[in-house]
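Line order of the protein sequences matches chains Z and W.
The numbering of the first sequence is the working numbering, which starts it at 28 and goes up by one.
The numbering of the second sequence is the working numbering, which starts it at 28 and goes up by one.
What follows is a single structure, written as structure tokens, with notes after it.
Number of protein chains: 2
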Amino acid sequence: MKKAGTKVSVAVIRRLPRYYRKLSELRQRGVVRISSGALAKDMGLTASQIRQDLFCFGGFGQQGYGYNVEKLREEIGDILGINRGNTAVILGVGNLGHALMQNFKFGNNGFSVTAAFDVDDSLVGTKIGSVQVYHVDELEEYLQTYRVDVGVLTVPRAFAAEMAQKLADGGVKGIWNFANVELKLDKPDVIVENVHFSDSLLALSYMIGEPIYEEERENENE
Amino acid sequence: MKKAGTKVSVAVIRRLPRYYRKLSELRQRGVVRISSGALAKDMGLTASQIRQDLFCFGGFGQQGYGYNVEKLREEIGDILGINRGNTAVILGVGNLGHALMQNFKFGNNGFSVTAAFDVDDSLVGTKIGSVQVYHVDELEEYLQTYRVDVGVLTVPRAFAAEMAQKLADGGVKGIWNFANVELKLDKPDVIVENVHFSDSLLALSYMIGEPIYEEERENENE
DNA sequence: CTGTTTTTGTGAAAAAACTAACAATTAAAA
DNA sequence: TTTTAATTGTTAGTTTTTTCACAAAAACAG
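This is the structure in structure tokens:
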């Protein structure tokens, strides 16, 4: 659909999951079709932007009709790689790793978690849900044996760099990094996606202290 | 420092916490001064961008010298509101809320957590660390009694909207939203900061499937 | 003390992102 | 069936963001 070699901007890519989420919600509510205008209003964007974004990947709509919710959702899901059968392993079954394994719906996002790793011997050998916990020492061999697309890094920050390197050496394509450090890898083909809680909270901290942000919001709602 | 009424772009604000984090790290390593060029190289940005970003708030550097790490860190911290004595309450002491309370360093980001709320009677009355857990029914009164700047929303998605409304009605300035829903509030002066795990994972999913992103990364590292 | 190098602050240029506009097409109404 | 209204794909224009370029200031070397 998209011209080969064409680069889609990061800004667009960051909006795709939001579209997917909104379309999933619409589908669940039984909505069959939606126009870019209605979607825009619902999401606080402009209709133009939505059409432009989708245009990057080819037209999924129909003039005079709009977009079929089910079909558009499928298309965006495909673009995002939801049907690619991605696999992930969890590094660090502490509080956060545990919470992710128990609460986060990896399956809804096209990932299956195939293993977890920790150094704590009281965890090794147990199962979280249906996922086996291995000792970190077994990581290397595991990565050589099974295809793992993404490593989820939920270890304490002190161990993050070392674990990230092991994941990269083991051939993962991406690292979902929850450790509060900027990872530097020698493998440039490994994508690092950071989830920095503190960055998020500090941005919020700034915004609640700046009256100008309130004004902006008011205009937005017209 | 910044001209009153001037709006700083969101892109800049999102970089400030990264600067703060990097400067904290440099300070800890005993680095006293740094140039925009060195900082840029370390962070994968351009020197120009860093100077431009800081220029939004006034000049913190010195020509021919660079930036004093300690001083710049302080300044950015002030801009972000780290010394404003912000308070936060946790809504939902499930897996994630618990993990945040135990692992996340609110203090490092200028926040003190003053209370937590849940519906589970087996949790109500207990303490997580030094933080008391109250029943959600007591939220309204609590918000009327104490100043709460931010509500941390870690409830199941089904309850997110309702709880968000209570927080907004109670007068919080911001909501740190971990529930996987787009919140719609009738109070436009309440800032919502979303932490959407699934959006993040799906963006990563897209990028590991697109060879073009690898190329981009390679150029970045020159 | 003088000259050279470093480095910022800042305006201008370039690039990227977003919005507007509209012909082409479809759906719905008359 | 014909007309009217709705809506997309797509190009062009506008705005925002990023990068470039360089004078001014400071540090450093000799």
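Just so you know, even glycine gets a beta-carbon here, dropped at the ideal spot from N, CA and C.
Everything numeric in this text was worked out from a predicted model, so none of it was measured.
Taken in chain order, the unbroken stretches of beta strand (DSSP E) that lie wholly in the region 131-184 of chain W and span 3 residues or more are 138-145, 158-162 and 177-180.
Cα atoms of Leu43 of chain Z and Leu107 of chain Z: separation of roughly 8 angstroms, rounded to the nearest angstrom. Cβ contact annotation for Ile109 of chain Z (same chain, cutoff 6 angstroms, sequence separation greater than five): Gly137, in chain order. Taking each of W:Arg41, W:Gly178 and W:Ser36 in turn and checking the Cα distance to Leu127 of chain W, the smallest one comes out for W:Gly178. At a cut-off of 9 angstroms between C-beta atoms, Ala230 of chain W counts as an interface residue with respect to chain Z. Annotation for Val116 of chain Z: the continuous beta strand (DSSP E) segment containing it runs Asn113 to Leu118. Residue pairing for Glu220 of chain W: DSSP places it in a beta bridge opposite W:Trp203. Boundaries of the alpha helix (DSSP H) around Lys49 of chain Z: Val37 to Gln55. Inclusion of Glu167 of chain Z and Asp196 of chain Z in the CB contact set at 9 angstroms is warranted, their separation being smaller than that value. In the pairwise beta carbon analysis, the region 77-87 of chain Z is classified as not touching the region 113-126 of chain Z: fewer than three pairs are separated by under 8 angstroms. None of the residues of the region 94-105 of chain Z has a beta carbon lying less than 7 angstroms from any beta carbon of chain W. DSSP, reduced to helix, strand and coil, places Gln129 of chain W within a helical segment of the structure shown. For Ala126 of chain W, the C-beta contacts it makes with chain Z under 7 angstroms involve Asn122, Leu123 and Ala126, in order along the chain. Check the Cα spacing between Asp216 of chain Z and each of W:Asp226, W:Leu210 and W:Gly236: the tightest is with W:Gly236. Contact annotation for Leu72 of chain Z against chain W: no contact, minimum CB-CB distance about 12 angstroms [criterion: below 9 angstroms]. Against chain Z, the CB of Gln129 of chain W has a partner CB under 9 angstroms away; the residue lies at that interface.
About 7 angstroms separates the CB atoms of Lys49 of chain W and Asp69 of chain W; that is less than 8 angstroms, so the two are in contact. For Thr114 of chain Z, the CB contacts under 8 angstroms within the same chain, skipping 5 residues up- and downstream, are Phe138, Ser139, Val140, Thr141, Tyr173, Arg174, Val175, Asp176 and Val177 in chain order.
Taking a C-beta distance under 9 angstroms as the contact criterion, Phe144 of chain Z and Val120 of chain Z qualify as a contact pair.
About 12 angstroms separates the beta carbon of Leu229 of chain Z from that of Gly201 of chain W, a gap too long to meet the 8 angstroms contact definition. Note on geometry: alpha-carbon atoms of Ile103 of chain W and Gly88 of chain W lie some 12 angstroms from one another.
Close CB contacts of Val158 of chain Z within its chain, under the 8 angstroms cut and outside five residues either way in sequence, are with Ile117, Met128, Val140, Thr141, Ala142 and Ala143 (chain order). Linking Thr153 of chain Z to His162 of chain Z through their CA atoms gives a straight-line distance of about 11 angstroms. Val182 of chain Z has a beta carbon lying at 9 angstroms or more from every beta carbon in chain W.
Leu180 of chain W is a Cβ neighbour of Asn204 of chain W, given a cutoff of 9 angstroms. Contact with chain W is found for Met234 of chain Z, since one of that chain's Cβ atoms lies less than 9 angstroms from the residue's Cβ. Between Arg111 of chain Z and Tyr47 of chain Z, the C-beta spacing is not below 9 angstroms. Of W:Phe82, W:Arg60, W:Arg56 and W:Ala65, the smallest CA-CA separation from Val39 of chain W is found for W:Phe82. Taken atom to atom, the span from the alpha-carbon of Val199 of chain W to that of Lys193 of chain W is near 9 angstroms. Tyr94 of chain W sits in a strand when the DSSP states are folded into three classes.
Under the three-state reduction of DSSP output, Ile109 of chain W falls in the coil class, being neither helix nor strand.
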